[in-house]
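First up is the structure itself, then whatever we jot down about it.
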Amino acid sequence: MSQDISQSKYDTEMINLYKQQIKNQVLRIKYSSQLKNIKFVEELECKRIVINRCTIELDKVPLNITECEIINCKLHNLQGLQQMNQLLVLLLNYDEIEDIQVLGDLQNLVQLSLDDNQISNISAIKNLLNLQYLNIGCNKLQDISPLCPLSNLTELILYENQIVDISPLKYLTNLLKLNLRRNQVSDISALSYLTNLQFLSLQETRVNDIYPLSYLHKLEELNLNSCRIVDVSALQKLKTVCWLEISKCDIVHISALKDLKAPEVDLSSNFVLDLSPVSRLINIFNIYIQNQRVPSAELILLSLKLQLIFKIRSQKRIFKQKQTQFKLQQKQFQQNGNYLKQNLLKLHSAFMKETCSLFNQLNVDESQFQ
1460 MSQDISQSKY
1470 DTEMINLYKQ
1480 QIKNQVLRIK
1490 YSSQLKNIKF
1500 VEELECKRIV
1510 INRCTIELDK
1520 VPLNITECEI
1530 INCKLHNLQG
1540 LQQMNQLLVL
1550 LLNYDEIEDI
1560 QVLGDLQNLV
1570 QLSLDDNQIS
1580 NISAIKNLLN
1590 LQYLNIGCNK
1600 LQDISPLCPL
1610 SNLTELILYE
1620 NQIVDISPLK
1630 YLTNLLKLNL
1640 RRNQVSDISA
1650 LSYLTNLQFL
1660 SLQETRVNDI
1670 YPLSYLHKLE
1680 ELNLNSCRIV
1690 DVSALQKLKT
1700 VCWLEISKCD
1710 IVHISALKDL
1720 KAPEVDLSSN
1730 FVLDLSPVSR
1740 LINIFNIYIQ
1750 NQRVPSAELI
1760 LLSLKLQLIF
1770 KIRSQKRIFK
1780 QKQTQFKLQQ
1790 KQFQQNGNYL
1800 KQNLLKLHSA
1810 FMKETCSLFN
1820 QLNVDESQFQ
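In our numbering, the protein residues as written are 1460 to 1829.
Here's what the structure looks like:
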């Protein structure tokens, strides 16, 4: 009996301690010893819980939380998680998870991260229609057809899997960011449907035909490093790209890039024979062109030429900035001058009225003595 009382007292003290530690309704637990003698209860009133490197039973986690991060905890069994139906954000990274069937009941989820686990079957995810962010990178995925119904997704991370067929992605037309790095993808025709994409990584895939990318007119960042690309003509239609990486490919001719407006380009480690189109890139400020087939002397001369071009462009940009700043100051001065002029006119008008009033008063006063 006394042992039960002392245990209850200990739990109460621990709960009070956690209450003091909770800031912004977040409870952080980093060691298993913190979980050993405490019973999670609704009394903690936290909305977010972060658990790192602990052995935990999920049925002890409070059911009223809306955000849950469990990282490096070796969660072989997710039983109990399906009861947390208020969850909006769930991160289960580096947890050695294989089976995620219970996640199908968490239909309020908006963000889900399952990075670096052992997952091969994602059929349960097809029920999570509210998902906007999904990270299943570094797993064992081959079939991604369960993603088809997730039309609300805006960011999808699938790097380092075993994916060959990406045709299901054509239904995810609201995607803004897509990472397919280190997969076995070769056919990217489905990407032509994703016309809202702003970020795309196909780094270290088997892609050689990039024509479908010519439809992605909103792309801002594109990574094609270490692909099997020879023809880059499709890239000339991408007018909004700010950062382009096409290093370690099989590119020989880059004449199609001469009108590219990207300020930063990585062309290093290709087989380019003629680099002269590079000097005609009107918006370029950073470019990497080392390790090509051109003679080293030519590469040095081009590098010097580009340095000069960049310096001139930099000076022009500084001049334009100062010119704009001067015009703004001039406009502000004119506005201030107009303001002063208006105030002077008001003061003059008030002075004249007061003077007239004073003279009228003096005239009245003088008439009394006549």
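Ideal Cβ positions, reconstructed from N, Cα and C, are used throughout, including at glycine. Just so you know, these numbers come straight off a predicted model, no measurement behind them.
Asked                                                                                                                                                                                           : Found
With burial defined as no fewer than 16 other Cβ atoms inside 10 Å of the residue's Cβ, what is the status of Ser1660: buried or exposed?                                                       : buried
May I ask which residues mark the beginning and end of the beta strand (DSSP E) holding Phe1658?                                                                                                : 1658-1660
Is it right to say Ser1610 is buried, meaning 16 or more other beta carbons lie within 10 angstroms of its own, or is it exposed?                                                               : exposed
Pick out the complete beta strand (DSSP E) segments inside the region 1544-1614, 3 residues or longer, and give them in chain order.                                                            : 1548-1550, 1570-1572, 1592-1594
Output needed for Leu1568: all residues of its chain with C-beta closer than 7 Å, excluding positions within five of it in sequence on either side, in chain order.                             : Leu1546, Leu1547, Leu1549, Leu1587, Asn1589, Leu1590
Do you know how far the Cα of Ser1582 is from the Cα of Leu1628?                                                                                                                                : 15 Å
Buried or exposed, going by whether 16 or more other CB atoms sit within 10 Å of the CB of Leu1694?                                                                                             : buried
Consult DSSP for Val1453 and reduce its assignment to one of helix, strand or coil.                                                                                                             : Missing from the structure shown is residue 1453; the chain here goes from 1460 to 1829 and no further.
Could you pull the start and end residues of the beta strand (DSSP E) that Asp1725 belongs to?                                                                                                  : 1723-1725
I'd like to check one pair, Val1691 with Ile1713: are the Cβ atoms closer than 8 Å?                                                                                                             : yes
Contact defined as beta carbons within less than 8 Å: I believe Leu1678 pairs with Leu1697. What is the distance between those atoms, to the nearest angstrom?                                  : 5 Å
Using only CA atoms, which one of Asn1684, Leu1653, Thr1664, Arg1665 lies nearest to Leu1672?                                                                                                   : Leu1653
Exposed or buried, what is Asn1544 when buried is set at 16 or more other beta-carbons lying within 10 Å of its beta-carbon?                                                                    : exposed
In whole angstroms, what separates the C-alpha of Gln1801 from that of Lys1779?                                                                                                                 : 33 Å
Could you tell me which residues DSSP puts in a beta bridge with Tyr1747?                                                                                                                       : Asp1725
Helix, strand or coil: how does DSSP classify Arg1752 here?                                                                                                                                     : coil
In three-state terms, what does DSSP make of Cys1527?                                                                                                                                           : strand
Buried or exposed: where does Ala1809 fall if 16 or more other Cβ atoms within 10 Å of its Cβ makes it buried?                                                                                  : exposed
Is it the case that the Cβ atoms of Asn1638 and Tyr1618 are separated by a distance below 8 Å?                                                                                                  : yes
If you compare alpha carbons, which of Leu1634, Phe1744, Ile1529, Ile1647 is closest to Thr1613?                                                                                                : Leu1634
Give me the Cα-Cα distance between Glu1526 and Leu1631, rounded to the nearest whole angstrom.                                                                                                  : 25 Å
Below 8 Å on the Cβ atoms is my contact criterion, and I expect Leu1600 with Ile1622 to pass it. Report the Cβ-Cβ distance as a whole number of Å.                                              : 6 Å
Using the C-alpha atoms, what's the distance from Leu1683 back to Cys1708?                                                                                                                      : 8 Å
Starting from the C-beta of Tyr1592, find all residues in its chain whose C-beta is less than 6 Å away, skip the five residues before and the five after it, and write them out in chain order. : Gln1570, Glu1614
Run through DSSP, which three-state label would Arg1739 get?                                                                                                                                    : helix
Under the rule that 16 or more other beta-carbon atoms within 10 Å means buried, what is Gln1560, buried or exposed?                                                                            : exposed
Among the residues of its own chain, which have a CB less than 6 Å from the CB of Gln1749, if the five just before and after it don't count?                                                    : Ser1727
Given a threshold of 16 other Cβ atoms within 10 Å of its Cβ, counted over all protein chains shown, does Cys1505 qualify as buried or as exposed?                                              : buried
How far does the beta strand (DSSP E) with Lys1636 in it reach, from first residue to last?                                                                                                     : 1636-1638
To the nearest angstrom, how far is it from the Cα of Asn1598 to the Cα of Ser1645?                                                                                                             : 19 Å
For Arg1507, which option in Trp1702, Lys1519, Asn1523 has the closest C-alpha, if you only look at C-alpha atoms?                                                                              : Asn1523
Exposed or buried, which one is Glu1704 when buried takes at least 16 other CB atoms within 10 Å?                                                                                               : buried
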